[in-house]
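Asks: Here you go, one structure.
Below, the structure is given as structure tokens:
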């Protein structure tokens, strides 16, 4: 597996409710969220095919979750990729709230 590009940068884009990973200024992927009180509910992560296999999704999610910690929020991993990442990165376990039917109903109303 290729190493993540040193030129990759992760940015939080509040206006679009997502974190984006940029490689040499081009958006390579994103992880989308909605805030529910103190919870940041992650529901979708994608990396463009042109950038697949470079470890970018892992770097994107790690930096996003680090930002959540610094923001004092909690993580709700509706997104399967984020949920899988959390099983391998126990350093975030103290921030994780369960995905409940309540959260899923709430998210559905937000995403319409």
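Residue numbers (the numbering used here): -4 to 107. Backbone N, C-alpha and C define an ideal beta-carbon position, used for all residues, glycine too.
(1) Thinking just about the alpha-carbon of each residue, which of 64, 98, 48 and 75 is nearest to the one in residue 23?
(2) I need the straight-line Cα distance from residue -4 to residue 52, nearest angstrom please.
(3) Output yes or no for whether 7 Å exceeds the beta carbon distance between residue 15 and residue 6.
(4) Candidates 100, 45 and 58: which alpha carbon is nearest residue 86's?
(5) Which whole-angstrom value is the C-beta distance of residue 40 and residue 26, which I expect to be below 8 Å?
(6) In this structure, does DSSP put residue 43 in helix, strand or coil?
Replies: Short version:
(1) Indexing the chain shown from 1 puts residue 23 at position 28. Nearest C-alpha to residue 23: 48.
(2) The sequence position of residue -4 within the chain shown is 1, counting from 1. The sequence position of residue 52 within the chain shown is 57, counting from 1. Only weak support is given to the placement of residue -4: the predicted model assigns it a pLDDT of 43, under 50, and the question is left unresolved by the model.
(3) Reading the chain shown from its first residue, position 20 is the one you call residue 15. Reading the chain shown from its first residue, position 11 is the one you call residue 6. Yes, the pair counts as a contact, with Cβ atoms nearer than the cut-off.
(4) Start at 1 with the first residue of the chain shown, and residue 86 comes out as number 91. Ranking 100, 45 and 58 by Cα distance to residue 86 puts 58 first.
(5) As a first step, residue 40 must be located in the chain shown, where it is residue number 45. As a first step, residue 26 must be located in the chain shown, where it is residue number 31. So it is a contact: roughly 4 Å between Cβ atoms.
(6) Reading the chain shown from its first residue, position 48 is the one you call residue 43. The answer is coil: DSSP assigns residue 43 none of H, G, I, E or B.
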